[in-house]
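Here is the structure we will look at, set down as structure tokens.
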Amino acid sequence: MQYNIFEPWKTLDPWQEKYIETEGNCFLLCGRQSGKTAAASIKFGKRAATKKNRIIMMIAETEKQAYNLFFKTLMYLSAKYPKMIKQGKDKKTGQKMSPTKHLIHLTNGSIIMCYAAGLEGSGLRTYTLTDLVIDEAAPMAREIFIATMPMLSVTGGTMDIMSTPRGAEGFFYDCSKDDDFTHFYVSAEDCSRHDKKFLEKQKKRMSELEYAQEYLAKFLSDLKRLFSDKWVKDVVTLKRRETTIKNRKYYLGSDIGGMGEDESSYEVFDKISKTNIEQVENITSSKNHIQENVVKIDRLEAEYKIWVDTKFVSNFIMGDDPLDGRDVIKMGMWEVNLDAFLLIDNRSPISCQIDIVSYISNKHSYLVEISFLLDKKHIKGYFYDEKEPTYIDNKFDVIDLE
63 MQYNIFEPWK
73 TLDPWQEKYI
83 ETEGNCFLLC
93 GRQSGKTAAA
103 SIKFGKRAAT
113 KKNRIIMMIA
123 ETEKQAYNLF
133 FKTLMYLSAK
143 YPKMIKQGKD
153 KKTGQKMSPT
163 KHLIHLTNGS
173 IIMCYAAGLE
183 GSGLRTYTLT
193 DLVIDEAAPM
203 AREIFIATMP
213 MLSVTGGTMD
223 IMSTPRGAEG
233 FFYDCSKDDD
243 FTHFYVSAED
253 CSRHDKKFLE
263 KQKKRMSELE
273 YAQEYLAKFL
283 SDLKRLFSDK
293 WVKDVVTLKR
303 RETTIKNRKY
313 YLGSDIGGMG
323 EDESSYEVFD
333 KISKTNIEQV
343 ENITSSKNHI
353 QENVVKIDRL
363 EAEYKIWVDT
373 KFVSNFIMGD
383 DPLDGRDVIK
393 MGMWEVNLDA
403 FLLIDNRSPI
413 SCQIDIVSYI
423 SNKHSYLVEI
433 SFLLDKKHIK
443 GYFYDEKEPT
453 YIDNKFDVID
463 LE
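Encoded structure:
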């Protein structure tokens, strides 16, 4: 039978049929236009019609995305269970019962709701649900899931979460490794409805990573990796040294996570020959101010006598707001006076980034670079010395980022 976009329930793929009948929490990682939204609309339309008093909420980051799933559910119900859709007003309460952009009432007491989650999901914190359906979940903030998951607690409800991937991070990615979910992975290349010639053209037009994310439903960081988790585990065979060997050539690699979700990592290596290095220490920490990170590195230097260089840390001082009123940027042991830069080329910078370009601990010497974003196309930067927080040199003039 030929596929009909308005009647997708007539031509379901095997994975869709299996998913529709699956109870419990479900995780769907799908390539574009592979049928996840259609399958979810059928699953929850059928569940609402065949089970009494279901309270189903469908959400996405934007109203348009959520309504797409909701509308397809209404379309399915109108075709398969038309007499169960309440119309008009309730005779007792006078409440409007006909379908709206946000509500569908069924004669068996089931309700289907549709709302945008927004940035944090705080506007959804009032409902008790039997079913939560989250579409296009990958870019959604963790706060949304924190706000909505308690709605399922007292009913023993379930959550279906689905999306095309957006990198190996966030709540959606975490669910891909959670055994509480039944997992479905669907590539566009496995979907018979996709035109093979169209996919071939897309593969030529897009980068390998773009195509892999949009059509093959792969988490991008997995593609960028040089080494698999298994390989890393297999080669980690060294035991931590009990004592520090003095007078060795130690090197430190630092990846600073700042106050966000990312951890800071400090890795110390011993150069044991011209061709071999040996890891001797690793430290991770989270939510550290930059001065705390500097203290950690200072302590490592005191033990291993390490010289650190090449932009090991950076920090964004502001977001999108101008510098209005910020005369001095202070960070740890140094400060930079910004009076002279409140207007650069007759423009007020929209953001500022600080980089410690080099740091020689035994001299307590910092070379600091401060860069101003003038607009979306232009930046301007300056060098400062930690001991002499004054203008040293114009590193570069205004640069066209395009």
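Just so you know, we're using this note's numbering here: the sequence shown kicks off at 63 and counts up by one. For glycine and all other residues, C-beta sits at the position ideal for the given N, C-alpha and C. If you're wondering where the values come from, they're calculated on a predicted model, not measured in any experiment.
Where residue 312 sits in the DSSP three-state scheme: strand
What separation, rounded to the nearest whole angstrom, lies between the Cα atoms of residue 84 and residue 243? 11 angstroms
Local conformation of residue 385 per DSSP, three classes: A caution first: residue 385 carries a pLDDT of 36, below 50, which makes its placement in the model unreliable, though a value can still be read off. Here residue 385 sits in coil by DSSP.
Suppose contacts are defined by Cβ-Cβ distances below 9 angstroms. Is residue 198 in contact with residue 175 by that definition? no
So which of 237, 338, 308 and 195 has the shortest CA-CA distance to residue 117? Per the Cα distances, 195.
Going straight from the alpha carbon of residue 327 to that of residue 193, what length do you get? 40 angstroms
To test your reading of the DSSP string, which unbroken alpha helix (DSSP H) runs of 4 or more residues are found completely within the stretch 163 to 218? 204 to 210
Spatial distance of residue 249 from residue 271 (CA atoms): 14 angstroms
When you compare only the Cα positions, how much space is there between residue 74 and residue 99? Rounded to whole angstroms, residue 74 and residue 99 show a C-alpha spacing of 12 angstroms.
Taking all protein chains shown into account, do 16 or more other C-beta atoms lie within 10 angstroms of the C-beta of residue 134, making it buried, or fewer, making it exposed? buried
Look at the alpha carbon of residue 296 and the alpha carbon of residue 306, and state the distance between them as a whole number of angstroms. 25 angstroms
Exposed or buried, residue 80, counting other C-beta atoms within 10 Å across all chains shown (16 or more means buried)? exposed
How many Å lie between residue 477 and residue 281 at the Cα? With the chain covering 63 to 464 only, the question about residue 477 has no answer from this structure.
Integer Cβ distance of residue 12 from residue 123, believed to fall under 8 angstroms: Residue 12 is absent from the structure shown; the chain starts at 63 and stops at 464.
Could you spell out the range, first to last residue, of the beta strand (DSSP E) harbouring residue 248? 244 to 248
May I have a chain-ordered list of the beta strand (DSSP E) segments no shorter than 3 residues that lie completely inside the stretch 102 to 136? Runs of the beta strand (DSSP E) inside the stretch 102 to 136: 117 to 122.
Just verifying my parser: in three-state terms, what is the DSSP assignment at residue 238? coil
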